[in-house]
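Colleague: Taken in order, these protein sequences are the chains called A and B.
Following the UniProt record's numbering, the numbering of the first sequence begins with 1 at its first residue and continues without gaps.
Following the UniProt record's numbering, the numbering of the second sequence begins with 1 at its first residue and continues without gaps.
There are 2 protein chains.
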Amino acid sequence: MSLRHALLGLLVDHPASGYDLLKAFDTSLANVWPATQSQIYGELTKLADNGLIVVSEQGPRGRKEYTLTDTGLAELRRWLTQTEPQRTTRSDVLLRVFFLGVLTPQQARDYLAGQAAHAAELHANLKALDAAIDWDDDNLSVYGRIALEYGQRFAAMQQEWAEWARTQVRNA
Amino acid sequence: MSLRHALLGLLVDHPASGYDLLKAFDTSLANVWPATQSQIYGELTKLADNGLIVVSEQGPRGRKEYTLTDTGLAELRRWLTQTEPQRTTRSDVLLRVFFLGVLTPQQARDYLAGQAAHAAELHANLKALDAAIDWDDDNLSVYGRIALEYGQRFAAMQQEWAEWARTQVRNA
DNA sequence: TCTAGCATGTAAACAGTTACATGATTGC
DNA sequence: GCAATCATGTAACTGTTTACATGCTAGA
Numbered sequence: 001m002s003l004r005h006a007l008l009g010l011l012v013d014h015p016a017s018g019y020d021l022l023k024a025f026d027t028s029l030a031n032v033w034p035a036t037q038s039q040i041y042g043e044l045t046k047l048a049d050n051g052l053i054v055v056s057e058q059g060p061r062g063r064k065e066y067t068l069t070d071t072g073l074a075e076l077r078r079w080l081t082q083t084e085p086q087r088t089t090r091s092d093v094l095l096r097v098f099f100l101g102v103l104t105p106q107q108a109r110d111y112l113a114g115q116a117a118h119a120a121e122l123h124a125n126l127k128a129l130d131a132a133i134d135w136d137d138d139n140l141s142v143y144g145r146i147a148l149e150y151g152q153r154f155a156a157m158q159q160e161w162a163e164w165a166r167t168q169v170r171n172a
Numbered sequence: 001m002s003l004r005h006a007l008l009g010l011l012v013d014h015p016a017s018g019y020d021l022l023k024a025f026d027t028s029l030a031n032v033w034p035a036t037q038s039q040i041y042g043e044l045t046k047l048a049d050n051g052l053i054v055v056s057e058q059g060p061r062g063r064k065e066y067t068l069t070d071t072g073l074a075e076l077r078r079w080l081t082q083t084e085p086q087r088t089t090r091s092d093v094l095l096r097v098f099f100l101g102v103l104t105p106q107q108a109r110d111y112l113a114g115q116a117a118h119a120a121e122l123h124a125n126l127k128a129l130d131a132a133i134d135w136d137d138d139n140l141s142v143y144g145r146i147a148l149e150y151g152q153r154f155a156a157m158q159q160e161w162a163e164w165a166r167t168q169v170r171n172a
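Written out as structure tokens, the structure is:
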């Protein structure tokens, strides 16, 4: 269960409330590990119950600020070094490719063209984001840039693939 | 819910039993849309209840062979042409990158080197698979090849990224 | 005869999504 | 005063995984 560790990771160095974390998920982690409000609040309660985080401050409107405990940090490190990342992924986009044979060649090409366009747009957005951020050389910047670079390479790869794939579909 | 449509897609042209479909998931669809035995049998029952497939033949050992109905084929086409693929993905590998700052630079480089090695191995396997298959020019081959090409490009991209990323991690 | 593989089904637990529900505070 | 945003929580549902449970059949 990576959600638990994503929360621990976000709490390193700066305490935050559920609401703060929700925003972090919706921005920086949106394309890596999306999570809903429901999930986040529930998981924070469990993490606090297990002593991996503590409520360090209570603010207005029932705000609860959580801080990572030593146990929590140790667990984060254990997860990073002692466990293998899960690699089971599902791709709806690719699944559909397997079944394009039931459509006309024109429809199949349209589908692939749509995917190429989508990837191109994503690539442009990520490139713009990269340019807009003022990267320095602290940890957050180094690893944030590495992750963003992944996104850009991935989007470029998808675009090139979809454009190539389109040329492979011949009329029956 | 794509599992439903994956089953419909696999039943195009050739009737199959739950057991046959399970094997198809474990081989060709393993990296695209993994599914368990439990899920498959349950979903087949629902699809039959809804008239998208029918039990066309009963064999030994309680074997039930399912055939796609016209309604089922129509639904598959509707899914392909009228609905947008879901693009919410989760990447445990990438999530960990965000938090490599809590490790030593050496540990972070080790992690990235491990990912590079893993991607390289996957790439080699997919390349070998590609070479081993006797592709002809029917629909299955065309779209199967396109999907496999995606896998190869993706694995190559991941390897190159991880190797590059490793060089970005400097000692603090 | 016995083993491997064929063949299906169900129950419980876990993860994730959607929807509902409520209320406080800040700034205009 | 009102709207936007801050802030949390719960319930119901869907999808996925793991484990249990059972039995038949073909071939060595």
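Idealized CB from N, CA, C, for every residue including glycine.
These numbers were taken from a predicted model, which means no experiment stands behind them.
1) Contact criterion: CB-CB distance below 9 angstroms. Does residue 59/A meet it with respect to chain B?
2) Distance, Cα to Cα, residue 18/B vs residue 105/A?
3) Quick check: what's the CA-CA separation for residue 40/A versus residue 46/A?
4) Check whether the region 122–142 of chain B touches the region 91–99 of chain B, counting contact only when three or more Cβ pairs, one atom from each stretch, lie closer than 8 angstroms.
5) On a CA-only basis, which of 153/B, 164/B, 27/B, 84/B is nearest residue 162/A? Give me that one, please.
6) Quick one: is residue 69/A buried, meaning 16 or more other Cβ sit within 10 Å of its Cβ, or exposed?
7) By how many angstroms is the C-alpha of residue 62/A removed from the C-alpha of residue 116/A?
8) Helix, strand or coil for residue 86/B per DSSP?
9) Exposed or buried, which one is residue 133/A when buried takes at least 16 other CB atoms within 10 Å?
10) Grouping DSSP H, G and I as helix and E and B as strand, with all else coil, what is residue 17/A?
11) Is there a Cβ from chain B that is less than 9 angstroms from the Cβ of residue 130/A?
12) My understanding is that residue 177/A touches residue 120/A, with C-beta atoms under 8 angstroms, so please give their C-beta distance in whole angstroms.
13) Measuring straight from C-alpha to C-alpha, what distance separates residue 139/A and residue 145/B?
14) Please classify residue 55/B: is it buried, with 16 or more other beta-carbons within 10 angstroms of its beta-carbon, or exposed?
15) Would residue 126/A pass as an interface residue toward chain B - the criterion being a Cβ-Cβ separation below 9 angstroms?
16) Taking the alpha carbon of residue 22/A as the point to measure from, which residue in 90/A, 123/A, 143/A, 7/A has its own alpha carbon closest?
17) Under 9 angstroms, Cβ to Cβ, is there at least one residue of chain A near residue 25/B?
18) State yes or no: is the beta carbon of residue 115/A nearer than 9 angstroms to at least one beta carbon in chain B?
19) Strictly under 9 angstroms for the Cβ-Cβ distance: is residue 42/B near chain A by that measure?
20) Compare the C-beta of residue 123/B against all C-beta atoms of chain A and say whether one is closer than 9 angstroms.
21) Are residue 80/A and residue 143/B closer than 9 angstroms when you measure CB to CB?
22) For residue 160/B, decide whether its Cβ has a neighbour in chain A, counting only Cβ atoms nearer than 9 angstroms.
23) Report the residue ranges of all alpha helix (DSSP H) runs contained in full by the region 61–137 of chain B; include only those spanning at least 4 residues, in chain order.
Modeller: Taking the coordinates as given:
1) For residue 59/A, the answer is no, since every Cβ of chain B falls outside 9 angstroms of its Cβ.
2) About 30 angstroms.
3) About 10 angstroms.
4) Too few Cβ pairs lie closer than 8 angstroms, so no.
5) Ranking 153/B, 164/B, 27/B, 84/B by Cα distance to residue 162/A puts 153/B first.
6) Burial check for residue 69/A: the Cβ neighbour count within 10 Å reaches 16 or more, so the residue is buried.
7) Taking the straight line from one Cα to the other gives about 46 angstroms.
8) Residue 86/B: coil per DSSP, three-state reduction.
9) In the assembly as shown, residue 133/A is an exposed residue. Its beta-carbon has fewer than 16 other beta-carbons within 10 Å.
10) Residue 17/A: strand per DSSP, three-state reduction.
11) At a cut-off of 9 angstroms between beta carbons, residue 130/A makes no contact with chain B.
12) Any question about residue 177/A goes unanswered here, given that chain A covers just 1 to 172.
13) Linking residue 139/A to residue 145/B through their CA atoms gives a straight-line distance of about 41 angstroms.
14) Residue 55/B counts as exposed, since fewer than 16 other beta carbons sit within 10 angstroms of its beta carbon.
15) No, residue 126/A lies away from the interface with chain B (no Cβ there is under 9 angstroms from its Cβ).
16) The candidate whose alpha carbon is nearest that of residue 22/A is 7/A.
17) So, not an interface residue.
18) Yes, its Cβ sits closer than 9 angstroms to a Cβ of chain B.
19) Chain A contact via Cβ: absent.
20) By this cut-off, residue 123/B is not an interface position.
21) Going by C-beta atoms, residue 80/A is not nearer than 9 angstroms to residue 143/B.
22) For residue 160/B, the answer is yes, since a Cβ of chain A falls inside 9 angstroms of its Cβ.
23) The qualifying runs are 70–82, 92–98, 105–132.
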